[in-house]
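*Asks:*
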C-alpha cells in the first residue's frame with residue numbers, strides 16, 4: 001500500500017481506529033471483517049488513482065457518501081478499500097438560466113436544495129433523510145422521497161455525470177441540454193447502479209422553478225388503513241395534483257408522537273398528510289380533502305403549518321426507537337394500495353407480529369417496519385414476515401424495492417422479481433464495465 | 001431460409017417487389033443493396049424466431065416501425081433480414097387507475113393518445129409526426145416533440161418493456177410501479193438504443209391526466225431571430241410554464257404558408273407559437289406574452305384556435321417541398337439560444353446557403369434545414385454547413401442530436417461529442433448484449 005500512500009498522502013487513512021468508523025452504513029448489514037484503508041477523496045483524480053490501484057490488485061472497493069443507506073450498499077469489504085466522498089462536497093455552479101447545478105457527490109441533499117432556493121429554484125428529489133444524505137448517494141441509489149408523486153425520482157433530475165470506472169478511467173455521460181439522444185443513456189445506467197459500475201465524482205442535476213405562493217399542508221384521518229389506501233388511489237387518478245401525499249398508520253403516528261411530541265392526534269386507522277403548491281394550492285387542497293371525505297375520511301382539514309410533513313420525516317428514527325427495526329421498501333401500482341394494506345394486516349396477524357406502515361402513498365411505495373427483539377430468533381421471525389410482505393407486493397404487480405435499492409440486505413429477493421434472462425443481462429453489463437469485479441462485488445445485481 | 005419460412009409461413013415475405021418497399025426509411029440514407037426477406041411479425045414469438053435464426057447465421061437485422069425515422073436507423077442491410085412491427089399494433093390495455101397503457105410497438109402514437117383521451121388521460125410524448133410514427137419507434141429513438149418542454153421526452157413515460165434480445169431470448173424490464181430500483185435501469189438502456197440492443201415487442205407506458213379546461217394558444221412576432229431566442233430563455237427561466245413553446249424563422253413560416261395556405265402572417269424575424277393548459281391557462285399565456293413584449297416582440301397575442309400549432313407540425317414537409325432538405329437536430333442549453341441563432345445566421349452567410357430554423361425552442365432543440373440541389377456537389381456543400389452548425393452547437397455545450405438519433409446519417413459526428421472512453425463503454429454494452437452484432441450493426445454507437 002505504500003505506493004498508494006505515496007500518491008494520496010494524508011488522504012489515505014490506514015489506522016484501525018480511523019478506518020473502522022467508515023465500515024458500516026445505516027442498514028442492519030453486519031460487517032465483521034476489517035477494511036484495509038479509507039481514501040478520503042478530494043478529487044476525481046484521487047478516486048481514479050485509488051480504483052486503478054485496487055483494480056490491478058483485485059482488491060474489492062466499497063463506496064461511501066454519508067453512510068445513510070438502508071441496504072448495506074456502502075458496507076466495507078474485508079481487506080477491501082473504502083472510497084469516501086464526504087470531502088467532495090462542493091456546489092460547483094448553479095446556472096439559473098439553464099436550471100442546472102453542477103455538484104460534487106458529497107454535497108448534502110438539503111444543502112443543494114437550499115442553495116438552489118437562493119436562486120428561485122429547488123432540487124425536487126427529497127428523501128426523508130435529505131438533511132443527512134448526499135446527492136451522490138441519492139444518484140447511486142436512485143433515491144425517492146416525499147415529492148416524487150409530483151416530480152418523479154432522482155433519475156428524472158440528473159442531466160450528466162462524471163464517473164470513475166473500475167479501472168480508473170474517467171467517463172463523462174449526458175449533456176447540459178434538455179434533450180440528448182447520443183448513444184445509450186449511460187447517465188441513467190449509472191443512476192441506481194449502487195456503486196457497482198463506477199464512482200460518481202461529479203453530477204449536473206436539473207433544478208425546478210420554485211412554485212408561486214406558499215405550500216398548503218392538509219391532513220385526513222381514516223378509521224381503516226385500506227380506506228385511506230383507496231382514497232389515495234382516487235386522488236392520484238384525479239386531475240388534482242398534490243406535491244406530497246404521505247400515509248402513516250396509527251402505530252407510526254403514535255411512535256412519532258412518543259419520540260418527538262408535537263400534539264399530533266392519533267387516528268384510529270391512518271393519517272394522510274399532503275401538500276399542494278402553486279397559484280391554486282388552496283383550491284387543489286380543498287378538492288383533495290373533498291375526495292378524502294367522499295372516500296371514508298372521518299376528519300379532514302387544512303393545517304396551519306407544515307409541522308405534519310416534518311413529523312412524517314421522523315417516522316424512521318421514531319419506529320426504530322420503539323423496536324420496529326426490520327423494514328422493507330416495497331411498491332405496488334397505486335390502484336392496489338387498499339389490497340396491499342389489507343394483505344399486510346392479514347400477514348401481521350398470521351405472524352403475530354406488530355407491523356407499522358408508512359408510505360409515500362401517492363407513489364404506491366410502502367415502508368413496513370416489523371417489531372423484533374434483538375435476538376437471532378426474533379430477527380429471523382421478523383424477516384419471515386418481511387419476506388411475505390415482499391411477495392405480497394410482487395403478487396400485486398409490485399416491486400421488492402421502490403427507492404432503497406438491493407445492496408446486500410435484499411440480495412436474496414432479486415430472483416423473486418427478475419427472471420433468469422433479466423439477471424443474466426444485468427450481470428453481463430456488470431461484467432462489461434467491471435470485468436474484475438472490483439466495485440461493490442456481489443451487491444445489487 | 002426454408003426453415004424460417006416453415007415457422008413464419010405467410011408472415012415471411014421474400015418476393016423482391018414486396019421486400020423493396022420495406023428497405024428505406026424517411027431519411028436520406030441511400031440503400032443500394034437488396035434485403036433477403038421481411039418478417040411481418042405478429043407476436044413476440046415471431047420476432048424471437050426471426051432473431052434466433054438470423055443470429056445463428058450472422059445475418060444482420062434491421063427493425064422497422066412506420067419507417068418515419070430521419071437518420072437511417074431502419075434502413076435495410078444488404079442480404080439482411082427486415083423485422084417489421086407494423087402488424088403488432090394493438091393497444092392491449094388502458095389502466096386508468098394506474099395511468100398506464102400496455103401497447104404493442106406498432107401502435108400509431110396519435111392513436112394511443114386518442115384512446116387515452118377517452119379515459120380522461122393523454123400520452124405526453126408528441127413528435128410532430130405523431131399521426132404516422134409508432135410508439136415502438138418513439139421508444140427506440142427516445143423521440144421528443146412539441147410537449148417536451150412541459151413533460152420531458154419519451155423515456156420519461158416508459159415504465160416497462162418486453163424486448164427480444166439478439167439471440168431470441170425474451171427480456172422483461174421495469175415494473176408497473178411508479179418507483180422501482182431493482183437492478184440497473186434496463187428500461188432506459190433500451191429506450192433510445194435505436195434497435196441495436198433488442199427489439200421492443202411490448203411496452204407499458206405512463207399516461208397523464210388531461211389538464212382541466214381548454215388549452216390556450218398564443219403567438220409572438222420578432223424582428224430578429226436572436227431576440228426570439230432570448231425571449232424563450234426568459235420564459236423557460238420564469239415560473240410560468242407553457243405546454244408547448246415552438247419557434248419558426250421567417251423562411252419556415254413562408255414555406256408552410258406556401259405549401260399549406262392558412263393566412264399565417266410572415267414575421268420579419270421569427271414567430272413564436274405556444275400553448276398553455278390548466279385552470280390558469282389564460283393567465284399563464286398573458287404572463288408569457290408580457291415577457292415576449294418586454295423582450296423584443298413586435299406583436300403578441302392569444303390566438304382564437306390551435307391552427308398555428310397545427311401549422312407548425314407541417315414545417316418538415318413544407319421545407320422539404322421548397323428544397324430545404326438537409327437537416328440537423330442539434331440542441332443547446334436554453335440559455336444559449338440567442339447565441340445559437342446568431343451563429344447559424346453567420347454560418348449561413350459564410351457558406352452562402354439558405355437555412356431555415358424551426359425549434360422546439362423551450363427545449364433548446366433546433367432543426368436547421370439547408371437548401372440543396374439534388375446533385376452530389378450541392379448535397380456535399382449543404383452537409384458542410386450542417387457540420388458547422390453541429391460543431392457550433394457543441395461549442396455552446398450542446399448536443400449533436402436532441403431527438404432524431406444517430407442512425408447512419410449522424411454516425412460520423414459521434415466522436416465529436418463522445419470521447420474515446422465514452423465510445424468504448426457504449427460499445428462494450430453493445431458487445432455484452434449482442435456479441436455477434438446481429439441487430440442494426442454499425443449504427444447508433
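Residue numbers (UniProt numbering), protein chains in the order written: chain H, 1 to 445; chain U, 1 to 445. Positions of the beta carbon are idealized from the N, C-alpha and C atoms, including for glycine. None of these values were measured; they are calculated from a predicted model.
Step through the CB atoms of chain B and report whether any lies within less than 8 Å of the CB of residue 146 of chain U.
*Replies:* Of the protein chains in the structure, H and U, none is chain B.
*Asks:* How big is the Cα-Cα spacing for residue 253 of chain U and residue 368 of chain U?
*Replies:* Near 13 Å, if we compare the C-alpha coordinates of residue 368 of chain U and residue 253 of chain U.
*Asks:* Could you pull out every residue in the same chain whose Cβ sits closer than 8 Å to the Cβ of residue 338 of chain U, ignoring the five residues on either side in sequence?
*Replies:* Once the five neighbours on either side are set aside, the close Cβ partners of residue 338 of chain U are 226, 227, 229, 230, 233.
*Asks:* For the segment 158-176 of chain U and the segment 184-194 of chain U, state whether three or more C-beta atom pairs, one from each stretch, are separated by less than 8 Å.
*Replies:* Short answer: they touch.
*Asks:* Mapping the DSSP letters down to three states, classify residue 6 of chain H as helix, strand or coil.
*Replies:* In this structure, residue 6 of chain H counts as helix in the three-state DSSP scheme.
*Asks:* Any C-beta of chain H sitting closer than 8 Å to the C-beta of residue 397 of chain U?
*Replies:* Yes, residue 397 of chain U lies at the interface with chain H (some Cβ there is under 8 Å from its Cβ).
*Asks:* Would you list the one or two residues that DSSP bridges to residue 164 of chain U?
*Replies:* U:170, U:199, per the DSSP bridge assignment.
*Asks:* Let me confirm a value: residue 214 of chain H is counted as buried when at least 16 other C-beta atoms fall within 10 Å, else exposed. Which label applies?
*Replies:* Classification for residue 214 of chain H: exposed.
*Asks:* Expressed to the nearest angstrom, what Euclidean distance is found between the alpha-carbon atoms of residue 353 of chain H and residue 65 of chain H?
*Replies:* Their backbone Cα atoms lie some 34 Å apart in a straight line.
*Asks:* At what residues does the beta strand (DSSP E) containing residue 274 of chain H begin and finish?
*Replies:* Where residue 274 of chain H is concerned, the enclosing beta strand (DSSP E) stretches over 270-276.
*Asks:* Expressed to the nearest angstrom, what Euclidean distance is found between the alpha-carbon atoms of residue 363 of chain U and residue 331 of chain U?
*Replies:* Roughly 8 Å separates the two Cα atoms.
*Asks:* Would residue 436 of chain U count as contacting chain H if we go by Cβ distances under 8 Å?
*Replies:* So, not an interface residue.
*Asks:* Do residue 300 of chain H and residue 219 of chain H have their C-beta atoms within less than 8 Å of each other?
*Replies:* A contact, by the Cβ cut-off of 8 Å.
*Asks:* Using 8 Å for Cβ pairs, my map puts residue 85 of chain H next to residue 168 of chain H. What's the rounded Cβ distance?
*Replies:* The pair is not a contact, with the Cβ atoms about 16 Å apart (cut-off 8 Å).
*Asks:* Applying a beta-carbon distance threshold of less than 8 Å, which residues of chain U neighbour residue 452 of chain H?
*Replies:* Coverage of chain H is limited to positions 1 through 445, which leaves residue 452 of chain H absent and any answer about it impossible.
*Asks:* Is there contact here, the segment 262-271 of chain U with the segment 241-249 of chain U, by at least three beta-carbon pairs under 8 Å?
*Replies:* Counting Cβ pairs under 8 Å, three or more are found: they touch.
*Asks:* Check each candidate in U:128, U:104, U:56 and name the one with the smallest Cα separation from residue 70 of chain U.
*Replies:* The candidate whose alpha carbon is nearest that of residue 70 of chain U is U:128.
*Asks:* Taking all protein chains shown into account, do 16 or more other C-beta atoms lie within 10 angstroms of the C-beta of residue 195 of chain H, making it buried, or fewer, making it exposed?
*Replies:* Buried.
*Asks:* Using only CA atoms, which one of H:281, H:197, H:320, H:379 lies nearest to residue 211 of chain H?
*Replies:* Minimum Cα distance to residue 211 of chain H is reached at H:281.
*Asks:* In whole angstroms, what is the alpha-carbon distance linking residue 144 of chain H and residue 436 of chain U?
*Replies:* So the alpha carbons of these two residues sit roughly 38 Å apart.
*Asks:* Looking at C-alpha atoms only, which residue of H:391, H:93, H:34, H:15 is the closest neighbour of residue 78 of chain H?
*Replies:* Nearest of H:391, H:93, H:34, H:15 to residue 78 of chain H, Cα basis: H:34.
*Asks:* Ignore the nearest five residues each way along the sequence and tell me which others in residue 274 of chain H's own chain have a CB closer than 6 Å to its CB.
*Replies:* Closer than 6 Å at Cβ, skipping near neighbours: 218, 242, 244, 245.
*Asks:* If you run the structure through DSSP and keep just helix, strand and coil, what is residue 387 of chain H?
*Replies:* Of the three classes helix, strand and coil, the one that applies to residue 387 of chain H here is helix, per DSSP.
*Asks:* Determine, for residue 117 of chain H, whether the minimum Cβ-Cβ distance to residues of chain U falls below 8 Å.
*Replies:* So no, residue 117 of chain H is outside the interface.
*Asks:* Tell me the rounded alpha-carbon separation between residue 398 of chain U and residue 257 of chain H.
*Replies:* Approximately 51 Å, taken between the alpha carbons.
*Asks:* State the Cα-Cα distance for the pair residue 370 of chain H and residue 414 of chain U, rounded to the nearest angstrom.
*Replies:* Cα-Cα distance, rounded: 52 Å.
*Asks:* Considering only their Cβ atoms, is the gap separating residue 323 of chain H from residue 222 of chain H smaller than 8 Å?
*Replies:* Their beta carbons are not under 8 Å apart, which means residue 222 of chain H does not touch residue 323 of chain H by this criterion.
*Asks:* Which of the residues in the segment 333-347 of chain U, read from start to end, lie with their CB under 7 Å from any CB of chain H?
*Replies:* So the close ones are 333, 334, 335.
*Asks:* Indicate whether residue 318 of chain U and residue 255 of chain U have their beta-carbon atoms separated by less than 8 Å.
*Replies:* The answer is yes: Cβ separation under 8 Å.
*Asks:* Quick check on residue 104 of chain H: buried or exposed, where buried means 16 or more other Cβ atoms within 10 Å of its Cβ?
*Replies:* Classification of residue 104 of chain H: buried, given that the 10 Å Cβ count is 16 or more.
*Asks:* Compute the beta-carbon to beta-carbon distance between residue 428 of chain H and residue 432 of chain U, rounded to the nearest angstrom, for a pair I have assumed lies under 8 Å.
*Replies:* Confirmed, about 4 Å.
*Asks:* With a floor of 4 residues, list each alpha helix (DSSP H) that falls wholly inside the segment 118-148 of chain H, ordered by position along the chain.
*Replies:* Complete alpha helix (DSSP H) runs here, min 4: 135-141.
*Asks:* When you compare the CB of residue 429 of chain U with every CB in chain H, is at least one pair closer than 8 Å?
*Replies:* Chain H contact via Cβ: present.
*Asks:* Excluding the 5 residues flanking residue 115 of chain U on each side, which residues of the same chain have their C-beta closer than 7 Å to its C-beta?
*Replies:* These residues qualify, in order along the chain: 91, 94.
*Asks:* Which of the residues in the segment 164-176 of chain U, read from start to end, lie with their CB under 9 Å from any CB of chain H?
*Replies:* Residues passing the 9 Å Cβ filter: 165, 169, 170, 171, 172, 173, 175, 176.
*Asks:* What residues of chain U sit near residue 363 of chain H, judged by a beta carbon separation below 8 Å?
*Replies:* Simply 177, 178, 179.
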